[in-house]
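Colleague:
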Amino acid sequence: MEITGKTALVTGANRGLGLQLARELRDRGAIVYAAARNPASVDLTGVTPIALDVTDPGSVAAAAAATGDVAILINNAGSSTGASLLTGDLADIRLEFDTHFLGALEVIRTFAPQLAAQQRSAVLNILSVLSWVSYPNSGAYCAAKSAEWSLTNALRQELAPQGTRVSSLHVGYMDTDMARHVSSAKSNPADIAKIAIDGIEAGDAEIIADEISRQVLAGLSSGVAGLYPQLA
Ligand SMILES: NC(=O)c1ccc[n+]([C@@H]2O[C@H](COP(=O)([O-])OP(=O)(O)OC[C@H]3O[C@@H](n4cnc5c(N)ncnc54)[C@H](OP(=O)(O)O)[C@@H]3O)[C@@H](O)[C@H]2O)c1
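Each residue of the sequence shown is one higher than the last, beginning at 2 in my numbering.
1. At which residues does the beta strand (DSSP E) containing I4 begin and terminate?
2. Compute the distance between the beta-carbons of L53 and T82, then report whether it is under 7 Å.
3. Please tell me whether, using a cut-off of 6 Å, the distance from the CB of T100 to the nearest non-hydrogen atom of ligand 1 is below it.
4. Please go through the same chain and pick out, in chain order, the residues whose beta-carbon is closer than 6 Å to the beta-carbon of A199, but skip the five residues on each side of it.
5. Does the Cβ of G19 lie closer than 6 Å to at least one heavy atom of ligand 1?
6. Do S129 and T100 have their C-beta atoms within less than 7 Å of each other?
7. Apply the 10 Å Cβ neighbour rule to N189 and answer buried if 16 or more other Cβ atoms are within range, or exposed otherwise.
8. When DSSP labels each residue in this structure, what does R217 get in the three-state scheme?
9. Let me know the beta strand (DSSP E) ranges lying completely inside the region 28-52, each 3 residues or longer, listed in chain order.
10. Would you say the beta carbon of T8 comes nearer than 6 Å to a heavy atom of ligand 1?
11. Going by the CB atoms, is the gap between P40 and I32 shorter than 7 Å?
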C-alpha cells in the first residue's frame, strides 16, 4: 500500500499515539485528516483537523460527508476507565464497548463506501496485547479490546472483496496519557506509529509492535494454564 498521495483519517489524533500516527502519515506524504472530538485541540501543522466523536453516529456521518476520498482509515480513539467487570461502574463498562467496539464499528461502516471507491484501501484498528490477555483491574478495557479484535477478523473478510485490507496493531504499554499511571517500561508512541505505518505499507494483517505482544501471541496456544499461571 503506497502512502504518498493517499488520503488518511486518524481518530483521536489530537494526542497520544493518534497524534504520532497523523504526524507519521503526513511525513510520508499522505493527505491527513486528524479527527478529534475537539478539532481545535489538534496542534500539528500540515494536517486537516476534523470533528469526530466515535460514540456519536451523527458526528461520524458528518466527518464522512466532509471528506470523500479516504483510502487509509485508522481507528485509534480509545478510553481506559480501569473498570473491573465484577465491581466496576456499568457506565464505564459501556463506555469501553461504545468507544473500542461500537465506535470503531460505526466508523468502519460509515467510511466503507469511501474506502471501496479507492483502488486500494486500508483500515488499521489500534488494538493491544490486552486483546489477548486480561487483567482483573481493567477487565472492561480488555474485553472491549478483545471484542474489537474479533470485529477486526470478521471485517477483514467482509471488506476484502472491495479491496480494503484490514489490519490490527498489537502493543503493550506506550508512554501516553492513557498509561501515565504505569511505572513499567513503555514504548515511545512515535516509534509505534512508524511500525504501524510500515505495517500498512507492507499489507500486514497483524502488526505486532513489541516483545510482550509477540510473547503473548505465541502463548495463546498454551491456553489458560499458560496465560494465567497464577491460577494453577
Ligand atoms: N497507552 C497504552 O499503553 C496503550 C497500549 C495499547 C493500546 N493502546 C491503544 O492505543 C490507542 C491510543 O491510545 P493512547 O495511548 O494514545 O491514549 P490517550 O493518550 O489517552 O489518547 C486517547 C485518544 O482517544 C481520543 N478519544 C477518546 N474517546 C473518544 C471518542 N469517543 N471519540 C473520539 N476520540 C476519542 C482522545 O480524545 P480526547 O482528547 O478528546 O479525550 C485521545 O485523542 C487506543 O485505542 C488505546 O486503547 C494504548
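Ideal Cβ placement from N, Cα and C applies to all residues, glycine included.
Modeller: In short:
1. Per DSSP, I4 belongs to no beta strand (DSSP E) and is neither H nor E.
2. no
3. yes
4. The question names Ala, but residue 199 in the sequence shown is Asp. Closer than 6 Å at Cβ, skipping near neighbours: no residue.
5. Yes, ligand 1 has a heavy atom inside 6 Å of this Cβ.
6. no
7. N189 is exposed by the Cβ-count criterion.
8. Residue identity differs from the one stated: residue 217 is Val in this sequence, not Arg. In the structure shown, V217 sits in a helix (DSSP, three-state: H, G or I).
9. Taking 3 residues as the minimum length, the beta strand (DSSP E) runs contained wholly in the region 28-52 are 32-37 and 49-52, in order along the chain.
10. no
11. no
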